[in-house]
Structures are given as C-alpha cells and as structure tokens.
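Everything in the sequence shown is counted per my numbering, starting at 1 for the first residue and increasing by one. Note that beta-carbon positions come from the ideal geometry of N, C-alpha and C, so glycine has one too.
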Amino acid sequence: MKLKLMSRPSAYAFVCHYLIYADCTTKLHFVELHLHLDGSIRYDTILDLAQKKQIDLQGAKTVDELKKLVVTHEPASLSKVLAAFSIFLPVVTGDKEAIERIAYELCEDQNKNGVAYFEARYSPHFLCDTVPHHLSNGEPATGKLTPREVIHALKRGLDRGEAKFGVKARSILCCIRGFEDWNNEILELATTMREYGVVAIDVAGCAHGADEQYEESVVRVFQEAAKRGIHRTVHAGESGGAKEVCIAIERMKAQRIGHGYRLILDEDAYKKHAIEEQTHLEECPYLSVMTGSVELDWPRNPIGRIFR
C-alpha cells in the first residue's frame with residue numbers, strides 16, 4: 001500500500017499511522033501522520049508555563065501529579081480523553097512564544113523518537129485568544145492573537161526545529177465539531193497558507209456524542225477543499241460506524257481516514273475503500289483502546305483483523 005503523505009518525501013507504507021520510512025541510508029526512521037499538536041506538549045513545559053502565568057492545573061505541581069490528571073490509564077471514552085485538554089491548554093492559548101516553543105520541542109521529541117517526517121494537526125482557533133470556546137478556561141476572548149497568527153508562530157517553531165534536529169514537519173488545520181462557524185475560516189487559511197507548511201484540513205471533536213455524523217456545512221467545506229486541491233483527512237470509524245467512514249470518503253472526499261477501525265465491520269466497504277482504492281487508515285492502537293473505540297483483546301481488535 002502506498003503511503004499517502006500530504007507532503008511528498010519518497011516513502012512507502014507497510015503499516016498505518018506510525019510507519020516505517022526508508023531513506024537512502026541503511027537507517028530506518030518513522031513517519032507519524034496522526035499526531036495532535038496540543039496532545040503532544042511536554043509535561044515539564046505545561047508546568048513551567050502554568051507557574052509563570054499563575055494558572056492553576058487543578059493543584060498539580062509535579063509531572064506525576066499532572067499525569068494523574070490528564071493521562072487516561074484505563075479504557076474510557078473519547079469525551080473522557082478530550083476533557084483533559086481544558087486543564088492544560090490555557091497555558092499556551094494566546095501566547096505566540098509558547099506556541100513556537102511547543103512546536104520546536106515537538107521536533108526535538110520526534111527526532112529522539114526516530115521520526116523523520118510528521119504532520120501535526122491542531123485547531124488554530126483553540127490556540128488563539130480572539131474567539132471564545134470551552135477550552136479558554138472561562139476567559140473572555142479579548143486577546144490579539146488570531147488564528148492566522150497562531151499558524152505563523154507554529155511555523156517559526158517548526159522551522160527552527162527542522163533546522164536544529166533534521167526532521168521534516170508539516171501541519172494540518174482542524175475543523176471542530178460544535179464550532180461550525182470556524183469552518184470557512186479554516187478553509188481559507190488552508191488555501192492561503194500552504195507556504196507556511198499547511199498541507200491539509202481535518203475535522204475532529206466529540207460534539208453530539210461523538211457520533212461522527214458531520215453537519216452538512218462541514219461536508220460542503222471538504223467538498224470545496226477538494227475542488228481547491230487542498231488535501232483532506234477526516235476522523236471517522238472511531239466512535240461511529242462503517243457508514244460514517246463511507247460518507248467521509250464518498251461525500252467529503254477524504255483521502256485519509258483518522259482511525260477508521262469500524263470500516264472493517266462492513267466487508268464490502270472495507271474491500272472497496274481500503275483495499276481497492278487504497279484509502280489510508282491512520283490507526284492509533286493505544287489511543288483507540290483508551291477511548292473505548294476498540295477492545296484490548298487483540299484477536300477481536302479491528303486493527304488486528306486489518307493486519308491479518
């Protein structure tokens with residue numbers, strides 16, 4: 001199966017999501033295509049920024065205390081996993097220096113993990129301070145850092161990280177369920193900021209019970225993105241069923257599917273989209289168990305079935 005990168009280093013896929021990338025040397029590296037920027041911030045960085053800004057992390061003062069708050073250790077739900085973001089994301093929201101820092105540190109961490117190429121996805125609206133949302137810790141949206149400026153700050157950090165650590169980094173802009181008013185701006189940003197490393201759009205979030213039944217306005221945005229030549233990946237088949245994966249591919253013109261585990265529940269659809277059309281499934285084995293999307297029992301796990 002050919003690896004569907006949104007950017008184009010020479011590579012081929014042998015497994016999904018966390019993939020072997022063979023360069024011209026004898027060394028093997030990884031390619032990571034499903035990585036959420038705001039879920040990849042260092043614990044030490046969160047604590048440092050919180051201390052400097054006097055932001056309470058529900059009493060957490062150490063890395064171990066913070067981990068107990070934000071890390072899901074037992075299978076739960078997508079909503080439970082995402083709830084942690086409201087605890088720590090305020091430490092970077094509206095702070096261009098902090099955003100640049102986490103992008104730079106991510107490049108360093110990826111280099112240490114043997115990653116040669118990655119695509120970091122995020123919502124620029126969640127990181128700005130000019131629009132209200134549930135992750136802003138109740139603070140009014142009276143800041144000055146716009147979604148566009150978030151992208152600029154992130155690019156500065158990724159550029160420095162690429163130069164220092166030898167990785168290649170690109171970004172994907174996320175539409176968010178429940179915040180459909182942001183979708184058209186995401187489309188315009190993805191259209192006009194390709195030179196800033198933006199290679200695709202995505203849609204994520206768990207509004208309406210995480211059923212993945214996306215609003216018609218989101219569908220139209222993705223259809224327009226396809227017309228503009230903007231690459232597309234869609235979260236589907238994680239909490240929803242095979243039908244939602246088919247809609248993402250057929251109506252939203254998705255080139256890759258975030259997760260997509262439950263596509264295999266419809267053998268005909270799996271054969272058509274995954275095998276014949278080679279639609280790339282960005283599979284996340286550990287996270288899928290923690291969100292309750294798949295069973296821990298490997299013989300019954302859909303990822304195991306796909307590999308078999």
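Could you give the first and the last residue of the continuous beta strand (DSSP E) run that contains L281? H280 to E282
Nearest to Q255 by alpha carbon, out of C175, T279, I186 and R170? T279
Where A98 sits in the DSSP three-state scheme: helix
Whole alpha helix (DSSP H) runs in the segment 130-188 with 4 or more residues, listed along the chain? 147-165
What are the partner residues of I257, as DSSP defines its beta bridges? V234 and L281
Which of helix, strand or coil DSSP assigns to R194: helix
On the DSSP bridge assignment, give the partners of D202 in chain order. C174
Taking C-alpha atoms, which residue in L89, E195 and C175 lies nearest to D202? C175
Given that a residue counts as buried once 16 or more other Cβ atoms are within 10 Å of its Cβ, and exposed if not, what is R228? exposed
Residue burial classification, A103 (beta-carbon count within 10 angstroms, cutoff 16): buried
Only counting the same chain, and skipping five residues up and downstream in sequence, which positions put a Cβ closer than 8 angstroms to that of V115? H29, F30, V31, E32 and V167
I264 and A242: beta carbons closer than 9 angstroms? yes
V219 in three-state terms, based on DSSP: helix
Within 8 angstroms, do at least three Cβ pairs link the segment 38-48 to the segment 117-136? yes
Quick one: is S288 buried, meaning 16 or more other Cβ sit within 10 Å of its Cβ, or exposed? buried
Tell me the rounded alpha-carbon separation between E215 and N183. 11 angstroms
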